[in-house]
Amino acid sequence: MKISNLRVVAIITAALSLAGCAANYTFEGAKYNSQESFQTAVENTYTSSIRNIGVLPTPASQKSLLIGFPSLSAMNAASLKIFTEQQGHAPIGIGKEILDNLNKANHRGGVAFYDAVVKRGIYSSVQLIELDSMNGNLAPAKNADVLYFIEPTRGSGQWFFASNSRGRQIFAFDRSVTGVAGKLNSFIEAVQAQAIQD
115 MKISNLRVVA
125 IITAALSLAG
135 CAANYTFEGA
145 KYNSQESFQT
155 AVENTYTSSI
165 RNIGVLPTPA
175 SQKSLLIGFP
185 SLSAMNAASL
195 KIFTEQQGHA
205 PIGIGKEILD
215 NLNKANHRGG
225 VAFYDAVVKR
235 GIYSSVQLIE
245 LDSMNGNLAP
255 AKNADVLYFI
265 EPTRGSGQWF
275 FASNSRGRQI
285 FAFDRSVTGV
295 AGKLNSFIEA
305 VQAQAIQD
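Here the numbering used here = 1-based position in the sequence shown + 114.
Shown next as structure tokens:
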């Protein structure tokens, strides 16, 4: 049974343990038997990976970058809807706990992309915009590019980049790399490549 089809950065899985009905989480190859230890591992992994990102001596672009990512409440609403449609009822008990924890971890992963771009110093300024839904569109301005993630239908999650000079395009980065640090690095390299094109 898939509890959530929202996919952002890290491969996060959850399973119900039949003996005792406890939630077990797997993140970056390690298993966690409590939501607290799982969320601590998620936060520590992202924080450590961002801390190790190298900073550019000067920004690659003097423009601003607006990064849009669904808010945690938007992710919760979308996954609740998917779960209810698939199962015929809203999640309760351990199912709700797992769903909430996966969304929280996935949201942290999305925000980590913003944190990584800020740390690298690619743009003169970077702003995070939390979107009210899983669907939307951000428009660029003369002095501001936009980068945003949407998932209008289950499993269709995609990043988009838009600038005044080049319009809107699918934003691609190497997703074959493993680990949080590798994915963050791949993401910021792709952002940097976009920034220097204008």
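We treat Cβ as the ideally placed atom computed from N, Cα and C, and that holds for glycine.
Hey, quick one: how far does the alpha helix (DSSP H) through residue i stretch, first residue to last?
i: Asn-166; result: Unbroken run through Asn-166: none, as it is neither H nor E.
i: Gln-272; result: No alpha helix (DSSP H) holds Gln-272; the beta strand (DSSP E) holding it covers 272 to 277.
i: Val-232; result: 207 to 234
Hey, how far is the Cα of residue i from the Cα of residue j?
i: Asn-138; j: Lys-145; result: 7 Å
i: Asn-166; j: Thr-198; result: 40 Å
i: Phe-301; j: Gly-202; result: 37 Å
i: Ser-148; j: Pro-205; result: 18 Å
i: Ser-279; j: Leu-179; result: 14 Å
i: Ser-238; j: Ile-164; result: 18 Å
i: Thr-292; j: Asn-299; result: 11 Å
i: Phe-263; j: Phe-285; result: 9 Å
i: Asp-246; j: Asp-259; result: 20 Å
Helix, strand or coil for residue i, going by three-state DSSP, please let me know.
i: Leu-252; result: coil
i: Asn-138; result: strand
i: Ala-194; result: Checking the displayed sequence, the identity of residue 194 turns out to be Leu instead of Ala. In the structure shown, Leu-194 sits in a helix (DSSP, three-state: H, G or I).
Just reading off the beta strand (DSSP E) that residue i is part of, what are its end residues?
i: Ala-304; result: Taken as a continuous stretch (DSSP letters only), Ala-304 belongs to no beta strand (DSSP E), being part of the alpha helix (DSSP H) at 294 to 309.
Answer with buried or exposed for residue i, where buried requires no fewer than 16 other C-beta atoms within 10 angstroms of its C-beta.
i: Arg-289; result: exposed
i: Asp-312; result: exposed
Touch test, the segment 233 to 250 against the segment 274 to 289, Cβ-Cβ under 8 Å, three pairs minimum
no
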